[in-house]
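Undergrad:
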Amino acid sequence: MKRNVIRLNTKEFMKAAIDLELDTDTEIAAAIGVSTTQIWRAKLPHDDPRYNAPGASFIAGVLAAFNAPFERLFFLDEVIRDRITERVV
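Going by this note's numbering, the sequence shown opens with residue 64, and the numbers climb by one from there.
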């Protein structure tokens, strides 16, 4: 089954953070109102088992703090949903 997910455009996200003089994940997290862990997980490659797609609060916080259009900081990705058979320990 195919579905669409929203992914973070990490390169543009980091450019926008630098433009606002947000130098660390801690500063970025405070500016958008999420945890540092959420920033870290959203920036991971999507095939990393620790990756988390950005949620509604993350997206809203980024758009409000960075004052940039959605299309600059995020993109839609089509994925095929498979059953996860491998566990990360």
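Idealized CB from N, CA, C, for every residue including glycine.
So, helix, strand or coil for E84, using DSSP?
TA: What you label residue 84 is simply residue 21 of the sequence shown in a count that begins at 1. Note: E84 maps to coil in three-state DSSP.
Undergrad: To the nearest angstrom, how far is it from the Cα of Y114 to the Cα of F138?
TA: Residue mapping note: residue 114 aligns to position 51 of the sequence shown, counting from 1. Residue mapping note: residue 138 aligns to position 75 of the sequence shown, counting from 1. Rounded to the nearest angstrom, the two C-alpha atoms are 16 Å apart.
Undergrad: Using 10 angstroms around the beta-carbon of I143, count the other beta-carbons present and answer buried if the total reaches 16, otherwise exposed.
TA: Taking the sequence shown and counting its residues from 1, the one referred to as residue 143 is at position 80. I143 is exposed by the Cβ-count criterion.
Undergrad: Let me know if I81 comes out buried or exposed under the rule of 16 or more other beta-carbons within 10 Å of its beta-carbon.
TA: By one-based count along the sequence shown, residue 81 stands at place 18. Exposed.
Undergrad: Would you mind working out which of F133, D110, R70 and V125 sits nearest L85, comparing C-alpha positions?
TA: Within the sequence shown, numbered from 1, the residue matching residue 85 stands at position 22. The option with the nearest alpha carbon to L85 is V125.
Undergrad: Could you give the residue range of the alpha helix (DSSP H) that holds V224?
TA: What is shown of the chain runs 64 to 152, which leaves residue 224 out entirely.
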